[in-house]
Amino acid sequence: MRTVRKQLGWTLTQLAELSGVSITTISRAERGQLALGYENVAALAEALQLDLGALFSGEAGGSAAHQTSMAVTRAGQGSAYRGHALTYEFLATSVVGKPINPVLGTIHARRVQGPQDFARHAGVEFVYVLAGEVEVHFENGEKVRLAKGDSLYFDSRIGHAFTTVSRQLAKVIGVITAESKHMALARQGETHA
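Shown next as structure tokens:
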């Protein structure tokens with residue numbers, strides 16, 4: 231992240247203003263002193279005009295600007311990042327500007343500590359449980375328990391947090407979308423109708 235920010239000639243203040251993430255948080259993340267949640271990672275990637283996984287793939291410095299119609303990610307070869315509640319393995323990071331972000335996740339959180347654990351971002355999410363059992367907690371108090379083979383699709387603007395409820399850490403495959411301008415305009419039209 232620091233490399234890309236410096237290549238753009240941006241200060242921490244400029245990146246903070248563009249992303250909505252505090253200067254302290256960005257600085258600590260760049261020094262490896264803080265694991266960012268998905269919400270902050272997504273905001274920083276958008277501000278830096280990078281594909282989400284490119285922040286961690288080693289391609290963030292410039293060679294990621296190529297487009298491809300196909301991408302193979304070999305087992306264990308995705309771009310890994312350990313966040314607050316789960317470890318993300320971003321897949322298909324060589325594809326720039328894709329409308330979805332596929333991730334393999336290992337959920338290591340065992341409980342929701344407080345409001346700071348809830349992520350929220352534009353778009354929708356789809357989660358499929360590969361191993362273990364998961365509880366998805368929503369900030370409105372709802373909770374959904376998922377076992378191996380279960381899936382959940384939801385509006386990711388609603389605060390959500392994942393916990394493992396099985397003995398083994400749960401593994402999930404997730405597909406996360408960013409809200410397109412078209413979707414945002416349609417939603418605005420619904421609220422004004």
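Residue numbers for the sequence shown follow the numbering used here, so the first one is 231 and each next one is one higher.
Even for Gly, the Cβ is constructed at its ideal location relative to N, Cα and C.
Task: Contacting residues, own chain, Cβ-Cβ under 7 Å from Asp385 (five flanking each side not counted) - done: Val354
Open item on the list: I need the boundaries of the beta strand (DSSP E) containing Val359, first residue and last residue.
Closed with: Val354 to Ala361
TODO: Tell me, please, which residues DSSP counts as bridged to Arg211.
DONE: Residue numbering for the chain in the displayed model covers 231 to 423; residue 211 lies beyond these limits and cannot be assessed.
- [ ] Quick one: give me the first and last residue of the alpha helix (DSSP H) that Leu245 is part of.
- [x] Leu242 to Ser249
- [ ] Specify the secondary structure class of Asn270 as computed by DSSP and reduced to three states.
- [x] helix
TODO: List the endpoints of the continuous beta strand (DSSP E) containing Gly391.
DONE: According to the sequence shown, residue 391 is Ala rather than Gly. Element bounds for Ala391: His390 to Thr394.
Task: CA nearest to the CA of Ser312, picked from Leu334, Val302 and Thr323 - done: The sequence as given places Arg at residue 312; Ser does not occur at that position. Among Leu334, Val302 and Thr323, the Cα nearest to that of Arg312 belongs to Leu334.
Open item on the list: Considering just the uninterrupted stretch of the beta strand (DSSP E) at Ser222, what are its terminal residues?
Closed with: Any answer about residue 222 is impossible in this case: the structure gives the chain only from 231 up to 423.
- [ ] Evaluate Leu245 with the Cβ neighbour count: other Cβ atoms within 10 Å of its Cβ, from every protein chain shown; 16 or more gives buried, anything less gives exposed.
- [x] buried
Open item on the list: So, under 8 Å CB-CB, Ala349 and Tyr268 are touching, yes? Tell me the CB distance rounded to an integer number of Å.
Closed with: 5 Å
Open item on the list: Here's the rule: buried if 16 or more other CB atoms are within 10 angstroms of the residue's CB, otherwise exposed. What is Gly308?
Closed with: buried
- [ ] Could you pull out every residue in the same chain whose Cβ sits closer than 6 Å to the Cβ of Leu321, ignoring the five residues on either side in sequence?
- [x] Thr303, Gly308 and Pro332
Task: Selected residue, minimal CA-CA separation from Glu372, among Val359, Leu360 and His390 - done: His390
- [ ] Report the three-state DSSP secondary structure of Val234 (helix, strand or coil).
- [x] helix
Open item on the list: Within a Cβ cutoff of 7 Å, which residues of the same chain sit near Ser252, ignoring the five residues on either side of it in sequence?
Closed with: Ala246
TODO: Give the DSSP bridge partners of Pro332, in chain order.
DONE: Val405
TODO: Quick one: using the 10 Å Cβ neighbour count with 16 as the cut-off for buried, is Ala259 buried or exposed?
DONE: buried
Task: DSSP bridge partner residues for Ala429 (one or two, in chain order) - done: With the chain represented from 231 up to 423, any question about residue 429 goes unanswered, as that position is not in the structure.
TODO: Take the Cβ of Thr254 as the centre, count every other Cβ of all protein chains shown within 10 Å, and call the residue buried at 16 or more, exposed below.
DONE: exposed
Task: Residues near His367 by beta carbon distance below 6 Å, same chain, minus five either side - done: Val342, Lys373 and Ala391
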